[in-house]
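Note sheet for the following structure.
Residue numbers (the working numbering): 60 to 348.
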């Protein structure tokens, strides 16, 4: 899976990039500059260590904000030593980020250019401003072009390499297939919906994947809801297996269990999970527990 997502190559590039400020820091002329360079090297090194594709660690705003602030601080602290770093703003605006973050990057880029322009002849400052504006526009355009691809990546088949964890859309398709299998093979299948806290979602998802069989997919429906399809020879064995699974999984906020033969639609089951009065709702044929 690492080759598929090019994790190894990206990690190598980040480590090489971290090497540059790490080598420049000892030659810094003042402590502030050295600290900023070491912080930049540390940010890149930690990014390389955490680059393994995982939605457990999304690109949070503080993590995105740090390189922008570091770059601004370096350009304001030592503009005579890092003038070429002004062009790095074009790369930063290409990163996945909310609209307000893009606006902040543009503002910081303009501030950096204005600070550097004070030490340039007017014609050079104007030329640098035009080139920077063009690069920023290209970066924003590229970021906009990549936005649909990032959306597809978030909905890709496996949300985390190595786990049989799938997005909500896949469950809608699998329900049709598994209902047909239950009817054809005469086995017992049921849909489990689990509501948990946002902080516990990914640990619970990992545990759920570990406790289910490789051919039984698990699903992330939203930021607090997981689901899985369990197959057993009969209802009695399904109940015992479900009890064992839940005992090992740990506490959940809400649980809904529905035989596949009675599942009308995924949307309806999710609404029923929201409306159910108790923590646990288990449907068995025509019974409700």
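C-beta atoms are modelled at their ideal positions from N, C-alpha and C, and glycine is treated no differently.
Residues near residue 280 by beta carbon distance below 6 Å, same chain, minus five either side: Within the same chain, Cβ atoms closer than 6 Å to the Cβ of residue 280 are found at 227 and 286, the five residues on either side in sequence being excluded.
I'd like the list of long-range same chain contacts for residue 266, defined as Cβ closer than 8 Å, with 5 residues on each side in sequence excluded. 307, 308 and 309
Three or more beta-carbon pairs under 8 Å between the stretch 188–204 and the stretch 245–252, yes or no? no
By Cβ distance, which residues of its chain are closer than 6 Å to residue 100, with the 5 residues on each side in sequence left out? Answer for residue 100: 77, 80 and 81, listed in chain order.
Cα-Cα separation, residue 96 to residue 336: 56 Å
Which of the three DSSP states, helix, strand or coil, is assigned to residue 240? helix
Name the two residues that bound the continuous beta strand (DSSP E) containing residue 288. 284–291
Taking its Cβ as the centre, do 16 or more other Cβ atoms sit within 10 Å of residue 204, making it buried, or is it exposed? exposed
Do the stretch 227–238 and the stretch 292–308 meet, that is, are 3 or more Cβ pairs less than 8 Å apart? no
Indicate the three-state DSSP secondary structure (helix, strand or coil) for residue 160 in the structure shown. helix
Assign residue 332 to one of two classes, buried (16 or more other C-beta atoms within 10 Å of its C-beta) or exposed (fewer than that). buried
Counting only the same chain and skipping the five closest in sequence on each side, list residues whose C-beta sits under 6 Å from that of residue 216. Model confidence at residue 216 stands at a pLDDT of 41, short of 50, so the residue's coordinates are unreliable and nothing is read from them.
Which residue from 127, 254, 123 and 240 puts its Cα closest to that of residue 145? 127
Identify whether residue 112 lies in helix, strand or coil by the three-state DSSP scheme. Residue confidence is low: residue 112 scores 45 on pLDDT, short of 50, so the model does not pin down where it sits. Its coordinate-derived value is still stated next. In the displayed model, residue 112 falls within coil according to three-state DSSP, outside both helix and strand.
Where residue 118 sits in the DSSP three-state scheme: Reliability fails at residue 118, whose pLDDT of 48 lies under 50, so the model's placement of it is uncertain and the value that follows must be treated cautiously. Of the three classes helix, strand and coil, the one that applies to residue 118 here is coil, per DSSP.
What's the C-alpha gap between residue 61 and residue 106? With a pLDDT of 39 at residue 61, under the threshold of 50, the modelled position of this residue cannot be trusted; read the value that follows with caution. Their backbone Cα atoms lie some 16 Å apart in a straight line.
Touching or not, the stretch 312–320 and the stretch 261–276, by the rule of three or more beta carbon pairs under 8 Å? no
Could you give the uninterrupted runs of the alpha helix (DSSP H) lying entirely in the stretch 121–177, keeping only those of 4 residues or more? 147–151 and 158–176
Sequence-distant residues of the same chain with beta carbon closer than 7 Å to residue 125, five excluded per side: 102
Any idea what DSSP makes of residue 316, helix, strand or coil? strand
Close-in-space but distant-in-sequence residues of the same chain around residue 290 (CB under 6 Å, 5 per side omitted): 246 and 248
For residue 225: DSSP bridge partner residues: Residue 225 is bridged by DSSP to 278.
Using the Cα positions of residue 132 and residue 168, report the straight-line distance between them to the nearest angstrom. 11 Å
Assuming residue 148 and residue 164 make a contact with CB atoms under 8 Å, what is their CB distance in whole Å? With a Cβ gap of about 7 Å, residue 148 and residue 164 count as contacting.
What is the rounded straight-line gap between the Cα of residue 137 and the Cα of residue 325? Going from the Cα of residue 137 to the Cα of residue 325 covers about 58 Å.
By how many angstroms is the C-alpha of residue 193 removed from the C-alpha of residue 160? Residue 160 and residue 193: Cα-Cα distance of roughly 19 Å.
Using DSSP with H/G/I as helix, E/B as strand and the rest coil, what is residue 218? With a pLDDT of only 49 at residue 218, under 50, the local geometry of the prediction cannot be trusted, and the value read off the model is given with reservation. Of the three classes helix, strand and coil, the one that applies to residue 218 here is coil, per DSSP.
Is residue 189 helix, strand or coil by DSSP? helix
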